[in-house]
Amino acid sequence: MATVTAVAIQRSGPAIRAALAEHGVSGQLERFEDEMRAAADELDRAGVDAVLGRWHALATMAANPLTDDEQAQVARAKAGDLAGLRARDEHGNWITL
């Protein structure tokens, strides 16, 4: 198994904007800026927090794309093969499927 180094993205407007500019797909940066401006115009912190939460997750995923092994595991899971995945049993313990 290869060692993977994750890129950490701070949960702030400037950090998310920088991550989307560097790693995001076409149109993501503009959508983030539009949503952030709209939330800020409402003068309601809850709206800004919601936008930051949503886009922080998207920016983190863009900066840390799935490895080939992870993509293969997702494809297998979509096809119904859950072997090797981890889940919690009825007692809350982690098990390997």
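Counted the way this note's numbering counts, the sequence shown spans residues 51 to 147.
For glycine and all other residues, C-beta sits at the position ideal for the given N, C-alpha and C.
These numbers were taken from a predicted model, which means no experiment stands behind them.
Tell me, to the nearest whole angstrom, how far the beta carbon of residue i is from that of residue j; I am working on the premise that it is less than 8 Å.
i: histidine 73; j: alanine 125; result: The Cβ separation is near 22 Å, so there is no contact.
i: alanine 127; j: leucine 116; result: Contact doesn't hold; Cβ gap of about 12 Å is too wide.
Between the options, which lies nearest to residue i when the distance is taken from Cα to Cα?
i: glutamine 78; options: Val98, Arg67, Gln60; result: Arg67
i: leucine 132; options: Val98, Glu120, Asn114; result: Glu120
i: valine 75; options: Ala96, Thr53, Gly97, Asn114; result: Asn114
i: serine 62; options: His106, Gln123, Asn143; result: His106
Under the rule that 16 or more other beta-carbon atoms within 10 Å means buried, what is residue i, buried or exposed?
i: alanine 109; result: buried
i: valine 57; result: exposed
i: valine 101; result: buried
Counting only the same chain and skipping the five closest in sequence on each side, list residues whose C-beta sits under 7 Å from that of residue i.
i: alanine 137; result: Ile145, Leu147
i: arginine 104; result: none
Enumerate in chain order the residues of its own chain whose CB-to-CB distance from residue i is below 6 Å, with the five nearest sequence positions on each side excluded.
i: leucine 70; result: Gln78, Leu79, Phe82, Ala109
i: aspartate 118; result: none
Taking Cβ positions only, does residue i come closer than 8 Å to chain C?
i: proline 115; result: In summary, chain C is missing from the structure at hand, where a single protein chain is found.
Practice task
Counting only runs of 4+ residues fully inside the segment 64-108, write out the alpha helix (DSSP H) ranges in chain order.
Solution key: Listed in chain order, the alpha helix (DSSP H) runs fully inside the segment 64-108 are 78-91, counting runs of at least 4 residues.
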